[in-house]
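For the sequence shown, the working numbering assigns the number 15 to the initial residue and increments by one for each residue that follows.
Ideal Cβ positions, reconstructed from N, Cα and C, are used throughout, including at glycine.
Everything numeric in this text was worked out from a predicted model, so none of it was measured.
Below: the structure, in structure tokens.
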Amino acid sequence: IRIVKKMESDTIAAIATPIGSGGIGIIKISGKNAFSIARSIFQRSCDFPDKLQDRKLPLFSSLRSHRLYHGHILNTENGKVLDEVLVSKMDAPRTYTREDVVEINTHSGHVVLGSILDLVLKSGARLAEPGEFTKRAYLNGRVDLTQAEAVIDIINSRTEKSLEIATSQIKGGLKSTIESIRSTLLDILTDAEAAIDFPEDVGEIIHTEESIEVLEIGVIDVLKKLIDQYENARYLRDGLKMVVIGRPNVGKSSLMNRLIQEDRVIVTSIPGTTRDLIEETLNIHGIPVVIADTAGLHDTDDPVEVIGIEKTQEYINGSDLILFMMDASDPLTGEDIKIYETVKHKRLIMVINKVDLVEEDFKLAIPELWGKVPSVNISALYGRGLSRLKDLIAKLATGEYRLEVRNRIVPNLRHKNALEKSLQIAISAAKEIRRETPFELIAIDIKEVIDRLGEIIGVSAREDVIDQIFSRFCIGK
Ligand code: GDP
């Protein structure tokens, strides 16, 4: 599982800003022909406009780096001015991609951005694929894979807390932790190889308590902590999928509408996700909570059909938290019990709604078995009990967990899977050392852990994994 870091040598270009009418739009060009392309279409203001044909265009590459230049984009075929622009010129390697980069700030509008991009492409650039600029930053060694992933996390952050995790990752928090575990393992390997090559000199150094301790403290404990971090904080980064379920008329839509009104987060759709249900994201104490408007649930009054609808069931299974709603003003029915049976294996909050219709000290008669499920009384109609409900949601999502500076390193699912495999192998390697297994065999395990961890930061990741990561990006990033 070695990756072949294929250096790309062509020049790519794309519109980097959302297309639409706006103040400015940016076209980004990266690669070895970026400057010659810019030179062929950009006319600096000091050279503009008289007798263009007589004058030599200034060598774009001789302009100072990391400066903005005012001028015009010209269609050289017909001499037409397309727009007045600011062009930035950035010399490799101090750029996003580590290649020569030109950014053209134009006015923003479909036609102007499209025409200038066309001109850039005609002048020799190729249209960039989604995420290709960031992919180049990774291939050229400016960022590792976790930092590249953080770019998209930042773009897609739905709450401030998800953003904190993403910024910590883009600064290299996860990367440096992984690098330090790998270097600990490499040290063990080096010592041990010395022991194999010169057994008379170093004796049995690998079979000592010391190396076991290094493995336990420097590798196993750190891996365990990272995996815990995933479990503790994953909803902060990935969002919590919540479903409101209950028989017709208990007040599900009323509650959802209220939550959406109070806490809705505006999100742009993430490429590559298809949605069968309409989803809304809420910000509940910094946790992005995704609720689906399970249309299937209240389109029908037949409860058997309600819980039988395949999509809803699928959604329930794929969710992280269920709000199981009941009506305080109405005794439990067989439908409630049936619904409970379909959701009882999930993380659950019982929401007793319509408490405005009953006495202060009322208690809904529920089966004894349900007593352990956390519950909250609310009135969706009057907005009572909602803050207690939100506290409960946040508590169930993260437990007592607090996102402090030292905790901000939160692996994603891909990282966690690799961490778990690494942990298993590391634990078994420690056992083998204890058993005084010949080191040649232990070395295989240790190398495997080094490789698995390398997948996380991208020094040993498969090409399809890498492609998959970058395909989640938008064009122009
Ligand atoms: P759903 O079928 O579960 O989505 O239920 P709805 O949200 O459509 O609510 C059904 C009816 O109950 C509507 O007439 C609501 O106005 C009413 N309702 C919802 N929540 C409350 C509440 O907290 N108190 C009272 N009194 N009525 C409520």
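Going by the C-beta, is V264 closer than 7 angstroms to any heavy atom of the ligand GDP? Walking along the sequence shown from the start, residue 264 turns up at place 250. Under cutoff, so the answer is yes.
Let me check understanding here. Comparing Cα to Cα, which of S393, L337, K386 and L383 lies closest to E373? Taking the sequence shown and counting its residues from 1, the one referred to as residue 373 is at position 359. Nearest neighbour of E373 by Cα position, chosen from S393, L337, K386 and L383, turns out to be S393.
E113 classed as buried or exposed, judged by whether at least 16 other C-beta atoms fall within 10 angstroms: Numbered from 1 along the sequence shown, position 99 holds the residue referred to as residue 113. The Cβ neighbour count for E113, taken over all protein chains shown within 10 Å, is at least 16; the residue is labelled buried.
Thinking just about the alpha-carbon of each residue, which of G36, A432 and N367 is nearest to the one in P262? Indexing the sequence shown from 1 puts residue 262 at position 248. Comparing alpha-carbon positions, the option among G36, A432 and N367 lying closest to P262 turns out to be N367.
Return helix, strand or coil for D97, following the three-state DSSP convention. Reading the sequence shown from its first residue, position 83 is the one you call residue 97. D97 falls in the strand class under three-state DSSP.
Any heavy atom of the ligand GDP closer than 7 angstroms to the beta-carbon of N119? By 1-based counting over the sequence shown, the position of residue 119 is 105. No, the ligand GDP has no heavy atom inside 7 angstroms of this Cβ.
May I ask you to check if the CB of S393 is nearer than 7 angstroms to at least one heavy atom of the ligand GDP? Here residue 393 refers to the residue found at position 379 when the sequence shown is read from its first residue. S393: yes, Cβ under 7 angstroms from the ligand GDP.
Can you list, in chain order, the residues of its chain whose CB lies under 6 angstroms from that of G472, leaving out five sequence neighbours each side? Here residue 472 corresponds to residue number 458 of the sequence shown, with the count starting at 1. Once the five neighbours on either side are set aside, the close Cβ partners of G472 are D158 and L159.
Note down, one range per segment and in chain order, each alpha helix (DSSP H) of at least 4 residues found wholly within the region 372-400. Segments of the alpha helix (DSSP H) lying fully in the region 372-400: there are none.
Quick one: what does DSSP say I471 is sitting in, helix, strand or coil? As a first step, residue 471 is located in the sequence shown; it is residue number 457 there, counting from the start. I471: helix per DSSP, three-state reduction.
When the Cα atoms are used, what is the spatial distance from L296 to I55? Position 282 of the sequence shown, counted from the first residue, corresponds to residue 296. Position 41 of the sequence shown, counted from the first residue, corresponds to residue 55. If I take the Cα positions, the gap works out to 46 angstroms.
Within the continuous beta strand (DSSP E) that includes A514, where are the two ends? Past the edges of the chain, shown from 15 to 491, lies residue 514, and the structure says nothing about it.
Let me check understanding here. Comparing Cα to Cα, which of G253, D252 and E294 lies closest to N271? Counted from its first residue, the sequence shown places residue 271 at position 257. Relative to the Cα of N271, the nearest Cα in the group G253, D252 and E294 belongs to E294.
Host beta strand (DSSP E) of E117 (start-end): Along the sequence shown, read from residue 1 onward, the residue named residue 117 stands at position 103. Element bounds for E117: V115 to S122.
Taking 8 angstroms as the cut-off, decide whether the C-beta atoms of I120 and I241 are in contact. What you label residue 120 is simply residue 106 of the sequence shown in a count that begins at 1. What you label residue 241 is simply residue 227 of the sequence shown in a count that begins at 1. A small fix is needed here, since residue 120 is Thr in this sequence, not Ile. Taking 8 angstroms as the Cβ cut-off, T120 and I241 do not qualify as a contacting pair.
What does DSSP give as the partner residue(s) for F338 in the beta ladder? Here the question's residue 338 lines up with position 324 in the sequence shown. Paired residues: I259 and M364.
Would the beta-carbon of D370 fall within 8 angstroms of that of Y396? For the purposes of this step, residue 370 is taken as residue 356 along the sequence shown, with counting starting at 1. For the purposes of this step, residue 396 is taken as residue 382 along the sequence shown, with counting starting at 1. In this structure, Y396 lies closer than 8 angstroms to D370 by Cβ.
Do the region 221-231 and the region 473-491 meet, that is, are 3 or more Cβ pairs less than 8 angstroms apart? Fewer than three pairs of CB atoms, one per stretch, sit closer than 8 angstroms, so the region 221-231 makes no contact with the region 473-491.
Check whether the Cβ of S268 sits closer than 7 angstroms to any heavy atom of the ligand GDP, and report yes or no. Here residue 268 refers to the residue found at position 254 when the sequence shown is read from its first residue. Result yes, Cβ under 7 angstroms from the ligand GDP.
Range of the contiguous alpha helix (DSSP H) that encloses S225: Mapped onto the sequence shown, residue 225 falls at position 211. Element bounds for S225: E223 to L229.
Where F56 falls: helix, strand or coil (DSSP): Residue mapping note: residue 56 aligns to position 42 of the sequence shown, counting from 1. DSSP places F56 in strand when its eight states are reduced to three.
Please classify T287: is it buried, with 16 or more other beta-carbons within 10 angstroms of its beta-carbon, or exposed? As a working note, residue 287 is residue 273 in the sequence shown. Reliability fails at T287, whose pLDDT of 45 lies under 50, so the model's placement of it is uncertain and no value is given.
Within the present structure, is the beta-carbon of K368 separated from the nearest heavy atom of the ligand GDP by less than 7 angstroms? The count along the sequence shown starts at 1 and reaches residue 368 at position 354. Correct: K368 has its Cβ closer than 7 angstroms to the ligand GDP.
Could you tell me whether the region 173-193 touches the region 136-143, where touching means 3 or more Cβ pairs closer than 8 angstroms? No: fewer than three Cβ pairs fall under 8 angstroms.
Cβ-based burial, N426 [other Cβ within 10 Å; buried from 16]: In the sequence shown, the residue the question calls residue 426 occupies position 412. In the assembly as shown, N426 is a buried residue. Its beta-carbon has 16 or more other beta-carbons within 10 Å.
Measure how close the beta-carbons of L417 and A180 come, nearest whole angstrom, since I'm counting them as under 8 angstroms. Locating residue 417 in the sequence shown gives position 403, where the first residue counts as 1. Locating residue 180 in the sequence shown gives position 166, where the first residue counts as 1. In fact, because the Cβ distance is near 12 angstroms, the residues do not count as touching under 8 angstroms.
Out of curiosity, what's the CA-to-CA distance linking I231 and Q482? As a working note, residue 231 is residue 217 in the sequence shown. As a working note, residue 482 is residue 468 in the sequence shown. Between the C-alpha atoms of I231 and Q482 there is a straight-line separation of about 34 angstroms.
Nearest-angstrom Cβ-Cβ length linking V463 and S485, presumed shorter than 8 angstroms: Looking up residue 463 in the sequence shown gives position 449. Looking up residue 485 in the sequence shown gives position 471. V463 to S485, Cβ: 28 angstroms. No contact.
Counting only the same chain and skipping the five closest in sequence on each side, list residues whose C-beta sits under 7 angstroms from that of I33. Within the sequence shown, numbered from 1, the residue matching residue 33 stands at position 19. Same-chain partners within the cutoff: H124 and L127.
Nearest-angstrom Cα distance between R16 and K404? Residue 16 sits at position 2 when you count from the first residue of the sequence shown. Residue 404 sits at position 390 when you count from the first residue of the sequence shown. Residue confidence for R16 is low, a pLDDT of 44 falling below 50, so the modelled location carries little weight; the figure read from the coordinates is stated next. R16 and K404 have their alpha carbons spaced roughly 46 angstroms apart.
Would you say the beta carbon of L346 is closer than 7 angstroms to some non-hydrogen atom of the ligand GDP? The residue labelled residue 346 in the question sits at position 332 within the sequence shown. Checking the Cβ of L346 against the ligand GDP gives no.
Please report the Cβ distance between M340 and L346, rounded to the nearest whole angstrom; I am assuming they are in contact, meaning their Cβ atoms lie under 8 angstroms. Counting from one through the sequence shown, the residue named residue 340 turns up at place 326. Counting from one through the sequence shown, the residue named residue 346 turns up at place 332. For a cut-off of 8 angstroms, the C-beta gap from M340 to L346 is around 7 angstroms, short enough to register as a contact.
Check whether the Cβ of L403 sits closer than 7 angstroms to any heavy atom of the ligand GDP, and report yes or no. Here residue 403 refers to the residue found at position 389 of the sequence shown. Checking the Cβ of L403 against the ligand GDP gives no.
Whole-Å CB distance - K46 paired with L203, under 8 angstroms assumed: Here the question's residue 46 lines up with position 32 in the sequence shown. Here the question's residue 203 lines up with position 189 in the sequence shown. Not a contact, Cβ separation roughly 39 angstroms.
Is G260 close to the ligand GDP? I mean its beta-carbon at under 7 angstroms from any heavy atom of the ligand. One-based indexing of the sequence shown puts residue 260 at position 246. Because some heavy atom of the ligand GDP lies under 7 angstroms away, the Cβ of G260 counts as near it: yes.
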